[in-house]
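Novice:
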Amino acid sequence: MLAYFPKPYPDELLYSMLARCKVHMGIDSPKHLLDLLYQKRTVIAVPDLPAQLQLLCNSLQHVQQLNAKQLLYQRTLFPLYALFIPESRKQHLTDLLVNSDGSAVYVEIGMSAGTVKLPAFFRYCPVCMNELQQEYGEFAWLRRWLVPGYQVCHIHGCELCDSKLPLRSIHRHEYLAACPQYCEDFTVNTNHSSKLALLSSSITELLATTESESPTYHQWTLFYRELAAEAGVQNGMQVSGTELHSKFRSYWPNSFLVPLNLVPVGPNSWLLAMFRKHRKSFSYLQHLLVWQVLKPQLSISQVLACVHSLPESASVSQKVLPEGPINQADRDRWLQLLQSGLSVKQARVLYDKALYARLYRNDRTWLLETNKGWHLKRTNHSNTNWHARDRRYLRQLYQVLALRDLELKTPRQSRNWFLKQLMRSSTAEKHLSKLPLCQSFLNRYSETVAEFQIRRLAYQVLLDRQNNQSHLCWELERLCGLATGRTRPLTLKFMELLEREVL
300 MLAYFPKPYP DELLYSMLAR CKVHMGIDSP KHLLDLLYQK RTVIAVPDLP AQLQLLCNSL
360 QHVQQLNAKQ LLYQRTLFPL YALFIPESRK QHLTDLLVNS DGSAVYVEIG MSAGTVKLPA
420 FFRYCPVCMN ELQQEYGEFA WLRRWLVPGY QVCHIHGCEL CDSKLPLRSI HRHEYLAACP
480 QYCEDFTVNT NHSSKLALLS SSITELLATT ESESPTYHQW TLFYRELAAE AGVQNGMQVS
540 GTELHSKFRS YWPNSFLVPL NLVPVGPNSW LLAMFRKHRK SFSYLQHLLV WQVLKPQLSI
600 SQVLACVHSL PESASVSQKV LPEGPINQAD RDRWLQLLQS GLSVKQARVL YDKALYARLY
660 RNDRTWLLET NKGWHLKRTN HSNTNWHARD RRYLRQLYQV LALRDLELKT PRQSRNWFLK
720 QLMRSSTAEK HLSKLPLCQS FLNRYSETVA EFQIRRLAYQ VLLDRQNNQS HLCWELERLC
780 GLATGRTRPL TLKFMELLER EVL
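In this text, residue positions in the sequence shown follow our numbering: the first is 300, and each later residue adds one.
1) DSSP on phenylalanine 420, reduced to helix/strand/coil?
2) Do proline 418 and phenylalanine 485 have their C-beta atoms within less than 7 Å of each other?
3) Please state if the CB of arginine 711 and the CB of glutamate 746 are separated by a distance shorter than 7 Å.
4) Quick one: give me the first and last residue of the beta strand (DSSP E) that aspartate 763 is part of.
5) Is it buried or exposed for glycine 448, if we count other Cβ within 10 angstroms and need 16 for buried?
6) Could you have a look at glutamate 510 and say whether DSSP puts it in helix, strand or coil?
7) Going by DSSP in three states, lysine 576 sits in which element: helix, strand or coil?
8) Looking at C-alpha atoms only, which residue of Leu781, Glu798 and Thr790 is the closest neighbour of proline 329?
9) Can you tell which of Leu371, Leu603 and Tyr692 has the C-alpha that lies nearest to the C-alpha of serine 513?
10) Helix, strand or coil for glutamate 311? Go by DSSP, reduced to three states.
11) Quick check: what's the CA-CA separation for asparagine 488 versus glycine 456?
12) Using three-state DSSP, classify lysine 463 as helix, strand or coil.
13) According to DSSP, glutamate 805 sits in a beta bridge with which residue or residues?
14) Can you give the Cα-Cα distance for cysteine 356 and leucine 348, rounded to whole angstroms?
15) Taking just the CA atoms, how far does tryptophan 444 sit from leucine 395?
16) Where does glutamine 596 sit, in a helix, a strand or coil, going by DSSP?
17) Less than 7 Å between the beta carbons of leucine 571 and leucine 526, yes or no?
18) Could you tell me the distance, in whole angstroms, from the CA atom of proline 563 to the CA atom of serine 545?
19) List the endpoints of the continuous alpha helix (DSSP H) containing aspartate 631.
20) Roughly how many angstroms separate the alpha carbons of aspartate 629 and asparagine 670, rounded to a whole number?
21) Drop a sphere of 10 angstroms on the beta-carbon of proline 378, count the other beta-carbons inside from all chains shown, and report buried for 16 or more, exposed for fewer.
22) Check whether the Cβ atoms of glutamine 450 and leucine 495 sit closer than 7 Å, and answer yes or no.
23) Tell me the DSSP bridge mates of leucine 441?
24) Contact check, alanine 476 vs valine 322 under 8 Å by CB: the rounded distance?
25) Under 6 Å: does the beta carbon of glutamate 430 sit that close to some heavy atom of the ligand SAM?
26) Looking at the structure shown, is asparagine 560 part of a helix, part of a strand, or coil, going by DSSP?
27) Going by DSSP, what residues sit across from glutamate 458 in a beta bridge?
28) Under the assumption that leucine 771 contacts glutamine 759 (Cβ atoms under 8 Å), give the Cβ distance between them as a whole number of angstroms.
29) Please state the DSSP three-state secondary structure of valine 404.
30) Apply the 10 Å Cβ neighbour rule to aspartate 631 and answer buried if 16 or more other Cβ atoms are within range, or exposed otherwise.
31) Quick one, which of Val538, Leu609 and Ser501 has its alpha-carbon nearest glutamine 518's?
32) Can you have a look at serine 358 and say buried or exposed, based on whether 16 or more other CB atoms are within 10 angstroms of its CB?
33) Which whole-angstrom value describes the C-beta separation of phenylalanine 574 and tyrosine 523, a residue pair presumed to lie in contact below a C-beta threshold of 8 Å?
34) If you drop the 5 nearest sequence neighbours on each side, which residues of the same chain put their C-beta closer than 8 Å to that of valine 362?
35) CB-CB under 8 Å to arginine 374, same chain, minus the five flanking residues each way: which ones, in chain order?
36) Can the beta-carbon of glycine 540 be found closer than 7 Å to that of proline 566?
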């Protein structure tokens, strides 16, 4: 149980707070920190959308009174997505991040298939970082620095610098604090367009939004329809793609759009899709780029107020068409087609379109009720040769094994590690039950924790002999990062043998 937790700095990431806590308390082991914070060792250190927030608040309630939803909206990047997804999905995602491990969040929020990706490395404003050092005596990671599109500090007007710390570290459970080791470049570059500074201000305002109801797809559709009319890019009920693309591309240069994968090309571009009927969510950055071109005079709050003022759904009145005289012969003929093994679509398209049209016009209720019972079940018609694929994967695994034996300083070569080395690792992992040769290989060659610990010790001993050095067992244990009390029995026996050899 923790007896201390640092106070947050303005706009600081929750990830940064946890990393500073680790530094302040002198905790070396990432898993030990997770034990103290979450009482579980499987939580992944995610900078943008961390999960298990309620568990964290419960662990720290005797130190600080934290609220899980406040953490979600004030210390993560969730506000960037919350307003642009349907309300039901937003509530579901909130529950995932607050009360579970959040494993499906990136898929459900649209980031996995989206065009806008997070930066590869943590970024920072050199002037802001210096101010943090002067005011608080240490560095920190701020939320806005992670946001794609936020390239210029809205306070100091200088471009952000890339740190040396990857955003997705190979050490998935470790929180790494901002420090001079990662932040070496403090060059202040103010040679940029004022458009980027305006976009950064909009992103900052969006990050500061509090929890509120998300607009519906219908409201977004109406808003962009009105926006097109006001901007003069509407041709009747249609949007003029040529004029819209011209306005957008003349404002935002390719040098800015290409790194973000947001260059609108062709009649099916994302830009034109935003001005059609909304059937899916768009990225916050796509919205902001369009607003800055067509409504630069409005703030984010004014735009959202305008969207919320529109009707939430369309009023639809369905006409009840009178049915014609019932023809029993047509019914019997339709049933014969379905009973012959045809699907509804095959019977309609390939055999008797006129019959279907007559029944739909004159006997619709009976037709639709009948068709419900004749839908063919979809089956997996995959012709994948799993035996051949099993042999191909096995050859790849043996190639990995041959390279592995030449390199002692690799991560633990577990079952998942071997699978990740394959070209189609997700397919192999999902269908492992159909790959018996690969299963046998993994059972035989996957490295246990004890074997991994012994390999680390052996590597350090080899280094010592090359450098004509020697270390005691407890020194070897520390150099290899073996936590006290977590060393496996087989590893302890190996260390005893080393100690006898030294003596």
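Positions of the beta carbon are idealized from the N, C-alpha and C atoms, including for glycine.
Please read these numbers as outputs of a predicted model, since none were measured by experiment.
Specialist: By the coordinates alone:
1) Strand.
2) No, they are not a contact pair.
3) Yes.
4) Secondary structure note for aspartate 763: it is in no beta strand (DSSP E), and the uninterrupted alpha helix (DSSP H) holding it is 748-765.
5) With 16 or more Cβ atoms within 10 Å of its Cβ, glycine 448 is classed as buried.
6) Coil.
7) DSSP, read as helix, strand or coil, puts lysine 576 in coil.
8) Distance from the Cα of proline 329 is smallest, within the candidate group Leu781, Glu798 and Thr790, for Leu781.
9) Ranking Leu371, Leu603 and Tyr692 by Cα distance to serine 513 puts Leu603 first.
10) Glutamate 311 falls in the strand class under three-state DSSP.
11) Rounded to the nearest whole angstrom, the C-alpha separation of asparagine 488 and glycine 456 is 8 Å.
12) Lysine 463 falls in the strand class under three-state DSSP.
13) The displayed coordinates of the chain run from 300 to 802. Any statement about residue 805 would go beyond what the structure contains.
14) Each residue's alpha carbon lies about 16 Å from the other.
15) Each residue's alpha carbon lies about 25 Å from the other.
16) In the three-state DSSP reduction, glutamine 596 falls in the coil class, being neither helix nor strand.
17) No; because the gap between Cβ atoms is not below 7 Å, this pair is not in contact.
18) Answer to the nearest angstrom: the Cα atoms are 10 Å apart.
19) 627-638 is the span of the alpha helix (DSSP H), which, as asked, contains aspartate 631.
20) Between aspartate 629 and asparagine 670, the C-alpha separation is close to 14 Å.
21) When all chains shown are included, proline 378 counts as buried.
22) Taking 7 Å as the Cβ cut-off, glutamine 450 and leucine 495 qualify as a contacting pair.
23) Glu311, per the DSSP bridge assignment.
24) Taking a contact as a CB-CB distance under 8 Å, the pair alanine 476 and valine 322 counts as one, their CB atoms being some 5 Å apart.
25) Within the structure as shown, the ligand SAM is missing, as the structure has no ligands at all.
26) Coil.
27) DSSP lists Val451 as partners of glutamate 458.
28) About 12 Å separates the two Cβ atoms, so there is no contact after all.
29) Helix.
30) In the assembly as shown, aspartate 631 is an exposed residue. Its beta-carbon has fewer than 16 other beta-carbons within 10 Å.
31) Taking only the C-alpha atoms, the option nearest glutamine 518 is Leu609.
32) So serine 358 ends up on the buried side.
33) Tyrosine 523 and phenylalanine 574 do touch by the CB rule: their CB atoms are close to 5 Å apart, below 8 Å.
34) Here the set comprises Leu301, Ala302, Tyr303 and Phe304.
35) In its chain, beyond the 5 residues on either side, Pro307, Glu311, Leu312, Leu313, Met316 and Arg442 have a beta carbon closer than 8 Å to the beta carbon of arginine 374.
36) Cβ atoms of glycine 540 and proline 566: closer than 7 Å.
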